[in-house]
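**Student:** Below: one structure in structure tokens.
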Amino acid sequence: MSLPRRTEIRRITPMPRQSKPIARTGIQRRARLPSSGHGKATPAAEIPAALRQLVIARDLARCVRCGRHTAGGPRSLQHRQARGMGGRAHAHTAANLILLCGTATTPGDCHSYVEDRANWDDATVHGWAVSSFHPDPATVPVLVHWLGWCLSGEEWTPCDAPHGR
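Dropping the structure here:
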């Protein structure tokens, strides 16, 4: 049931018809950078091949969190200190990268676990993620599945568990 209008709505002066479309002046689209296929622009996300190989060799092609061999399956290098959270200075260093199984979009794998904000506390306690408050990820120990607590660098350096862990 519709209610009747109390007054009729009229326009006093009719709107002039546009003979041509309104030009978009001052609005320009940003040029898209070539994509690496993962939703990130290639130049910022590209990890040098030599560094990639160094991290994979250091981690024995195994996931740091669960120890699963990643040679034949999906794997990804995880920035412990995210580039968007102050980790740009250490973005592409061996100390800031760890090998995890899966990708950020494959549910149930370690990379998606570490990336999930619901697991942030667990990821930082174990060193798989580093807060932006730490000046250098190399000083934050990591719990490596097959080695225990280590400091990250070009090689794993065993260390004591952090205080309270």
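Under my numbering, residues 59 to 223 are what the sequence shown spells out, in order.
Virtual Cβ for every residue (Gly too), placed ideally from N, Cα, C.
None of the values given here were measured: they were computed from a predicted structure.
#1: Let me check understanding here. Comparing Cα to Cα, which of His221, His127, Leu112 and Pro106 lies closest to Ser210?
#2: Just confirm the distance between the C-beta atoms of Ala129 and Ala115, as a whole number of angstroms; I'd bet it's less than 8 Å.
#3: For the alpha helix (DSSP H) that contains Cys124, what are its first and last residues?
#4: Per DSSP, what kind of secondary structure is Thr197 in: helix, strand or coil?
#5: DSSP on Ile156, reduced to helix/strand/coil?
#6: Quick check on Thr215: does DSSP put it in helix, strand or coil?
#7: Taking DSSP's pairing of strands, which residues face Gln136 in a bridge?
#8: Just tell me which of Cys159, Gly142, Cys124 and Ala147 has its CA closest to the CA of Ala196.
#9: Is His127 close to chain C? Criterion is C-beta to C-beta, closer than 8 Å.
#10: How far does the beta strand (DSSP E) with Leu209 in it extend, from its first residue to its last?
#11: Do Pro165 and Pro199 have their C-beta atoms closer together than 8 Å?
#12: Please list the terminal residues of the continuous alpha helix (DSSP H) segment that includes Ala187.
#13: For His184, count the other beta carbons within 10 Å of its own beta carbon; 16 or more makes it buried, fewer makes it exposed. Which is it?
#14: My assumption, with CB atoms under 8 Å, is that Glu212 sits in contact with Ala152. Please give the rounded CB distance.
#15: With DSSP collapsed to three states, give me the class of Ala89.
#16: How long is the line joining the alpha carbons of Asp174 and Trp186, rounded to whole angstroms?
**Tutor:** With the structure as the only source:
#1: Leu112
#2: Going by Cβ atoms, the distance from Ala129 to Ala115 rounds to 12 Å, so no, they are not a contact pair.
#3: Unbroken run through Cys124: none, as it is neither H nor E.
#4: helix
#5: strand
#6: When secondary structure is reduced to three states using DSSP, Thr215 falls in the strand class.
#7: Ile156
#8: Ala147
#9: The question asks about chain C, but that chain is absent: this structure has only one protein chain.
#10: Gly206 to Leu209
#11: no
#12: Ala187 -> no alpha helix (DSSP H), and no H or E assigned at all.
#13: buried
#14: 5 Å
#15: Reliability fails at Ala89, whose pLDDT of 43 lies under 50, so the model's placement of it is uncertain and the value that follows must be treated cautiously. Of the three classes helix, strand and coil, the one that applies to Ala89 here is coil, per DSSP.
#16: Within the model, the alpha-carbon separation for Asp174 versus Trp186 is close to 12 Å.
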